[in-house]
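Undergrad: Just passing along the structure, written as structure tokens.
Protein chains in written order, with this note's numbering: chain A, 1 to 252; chain W, 1 to 252.
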């Protein structure tokens with residue numbers, strides 16, 4: 001028996017999110033099915049991030065156990081031949097049998113992309129959120145800096161997240177403007193349910209002038225569930241990568 | 001009667017190109033149909049660039065004549081409400097009744113986008129061409145400079161283009177690298193059928209080391225139809241905009 005780690009990229013448009021569902025098509029469901037037919041055993045993957053319906057990923061992580069004799073690093077190419085075009089395995093490798101994608105020290109990076117113009121751009125519309133009200137990227141940048149460090153993100157979580165603590169640490173939060181695109185890139189040690197989309201929605205409220213950049217500090221000082229936002233649409237969100245800090249230490 | 005000019009953006013993935021077809025769905029066909037139902041008259045648009053199946057646009061141009069009393073600049077918003085999500089009118093305006101989108105002094109700008117990595121990126125796969133062989137962007141940049149100026153592009157045209165001359169002028173041809181994306185941006189006074197895709201295919205051949213950057217000069221010195229290339233896939237190509245030089249002069 002060996003444990004294989006996959007880096008999984010997908011266009012989430014046509015999927016009901018990561019997590020397997022009885023009837024709907026999900027990334028997890030497709031991976032189990034295609035790995036099962038490739039390896040000739042029943043396969044159950046465990047995903048690092050159970051992304052929502054419509055959210056995209058470049059580097060989500062999944063692991064599974066298998067009896068196969070196919071070398072770990074060969075599985076990516078073989079599996080890609082069976083997967084639909086909108087799911088692409090970026091790498092596969094054998095990991096220690098106690099490696100669990102969710103119970104480790106990780107840093108996750110997400111990007112949220114906004115297209116800000118009078119009319120939408122259909123070429124990239126599947127992976128940006130269109131905002132026609134003019135946004136002030138400089139105000140958004142000022143506000144983004146307030147996210148850095150350790151804070152209670154209760155205001156940025158939606159009802160019923162079953163989590164012990166709502167404190168998270170943000171290592172990087174940048175707003176970049178490239179023509180009509182405004183992108184928020186954020187790296188943290190973990191994110192509450194809908195937290196990145198609530199952060200993006202908060203920056204949009206600030207960018208359009210409805211709120212001041214100082215509002216972010218106020219949301220941390222007087223936290224209340226769902227106070228931030230609004231929750232920006234899923235299609236603008238991409239999980240860029242997940243960094244496993246232990247792997248990094250071992251590589252040193 | 002007035003003549004209206006539209007700037008048209010579309011994701012070409014689900015269309016059989018611009019030009020109207022008896023059975024297949026095309027951009028021109030959809031525009032005629034939706035304008036007809038909006039304005040209550042039979043409308044026939046004339047497109048500036050009859051893009052191929054799968055090619056995208058941010059700023060293709062179409063004109064049509066109408067008896068409507070709706071102000072020209074209002075038509076964009078009204079038409080967008082009827083169009084599918086993958087076609088978006090960027091602007092509409094009244095133009096002189098002798099304005100013809102194809103018989104004028106224009107500068108067209110295209111971008112050709114390549115994703116260069118071991119595995120494809122499904123998030124942007126609808127509008128890039130995936131190349132897994134490593135490309136040397138610096139070699140491509142050197143070759144791109146050879147396109148500048150006036151040249152006989154016969155080698156970059158495919159069989160049967162019914163054109164008087166194959167001489168065209170290129171004002172800008174840049175290769176930019178952004179992570180795993182390599183983009184060729186080219187502006188010219190006109191392009192032969194498949195010429196931009198042949199230019200992109202030529203740069204790819206050079207980038208992967210099959211040909212030297214000097215090959216471009218050789219293709220100009222000893223022109224022969226279809227000698228360049230190969231013809232890179234349609235999905236990587238986007239018509240960025242069409243500049244009407246006369247409009248610019250009038251604006252001065």
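Beta carbons are placed, not taken as given, at the ideal position from N, Cα and C, and that holds for glycine.
If you measure from the beta carbon of residue 197(W) to each beta carbon in chain A, is any gap under 9 Å?
TA: Answer no: the Cβ-Cβ gap between residue 197(W) and chain A never drops below 9 Å.
Undergrad: My output table needs one value for residue 227(A): the three-state DSSP class, helix, strand or coil.
TA: Coil at residue 227(A), not helix or strand.
Undergrad: Name the residue from 157(W), 73(W), 136(W), 93(W) whose alpha carbon lies nearest to the alpha carbon of residue 211(W).
TA: Closest option to residue 211(W), Cα to Cα, is 136(W).
Undergrad: Residue 214(W) by DSSP, collapsed to three states: which one?
TA: In the structure shown, residue 214(W) sits in coil (DSSP, three-state: anything other than H, G, I, E or B).
Undergrad: Against chain W, with Cβ distances strictly below 9 Å, would residue 93(A) count as a contact?
TA: No, residue 93(A) does not count as interfacial toward chain W.
Undergrad: Are the CB atoms of residue 112(W) and residue 232(W) within a distance shorter than 9 Å?
TA: Cβ atoms of residue 232(W) and residue 112(W): closer than 9 Å.
Undergrad: How would you label residue 164(A), buried or exposed, when you count the other beta carbons within 10 angstroms and need 16 or more for buried?
TA: With fewer than 16 other Cβ atoms within 10 Å, it is exposed.
Undergrad: Give the range of the beta strand (DSSP E) segment to which residue 6(W) is assigned.
TA: Start and end: 2 to 10.
Undergrad: In chain order, what residues of the stretch 40 to 58 of chain A put their CB closer than 7 Å to some CB of chain W?
TA: Per Cβ criterion, the list reads 56, 58.
Undergrad: Looking at the structure shown, is residue 235(W) part of a helix, part of a strand, or coil, going by DSSP?
TA: DSSP places residue 235(W) in helix when its eight states are reduced to three.
Undergrad: In chain order, what residues of the same chain lie with their CB nearer than 7 Å to the CB of residue 139(A), ignoring the 5 residues before and after it?
TA: Within the same chain, residue 139(A) has close Cβ partners 206, 207, 213.
Undergrad: Does residue 92(A) come out as helix, strand or coil in the three-state DSSP assignment?
TA: Reduced to three states, the DSSP call for residue 92(A) is strand.
Undergrad: Confirm, please, whether the CB-CB distance from residue 202(A) to residue 219(A) is below 9 Å.
TA: Their beta carbons are under 9 Å apart, which means residue 219(A) touches residue 202(A) by this criterion.
Undergrad: Residue 56(W) bridges to which residues according to DSSP?
TA: Residue 56(W) is bridged to 238(W).
Undergrad: Suppose you measure from the CA of residue 245(W) to the CA of residue 101(W); what does that come to, to the nearest Å?
TA: Taking the straight line from one Cα to the other gives about 12 Å.
Undergrad: Between which two residues does the alpha helix (DSSP H) containing residue 34(W) stretch?
TA: First-last of the alpha helix (DSSP H) with residue 34(W): 27 to 39.
Undergrad: Could one say the Cβ of residue 80(W) lies closer than 9 Å to chain A's Cβ atoms, at least one of them?
TA: It does: the Cβ of residue 80(W) has a partner Cβ on chain A nearer than 9 Å.
Undergrad: Along the beta strand (DSSP E) that carries residue 196(W), what are the first and last residues, could you check?
TA: No beta strand (DSSP E) contains residue 196(W), which is instead part of the alpha helix (DSSP H) from 195 to 207.
Undergrad: Could you check what DSSP says for residue 65(W) in three-state terms: helix, strand or coil?
TA: Correct three-state label for residue 65(W): strand.
Undergrad: Could you tell me the distance, in whole angstroms, from the CA atom of residue 105(W) to the CA atom of residue 5(W)?
TA: Distance between the alpha carbons of residue 105(W) and residue 5(W): 16 Å.
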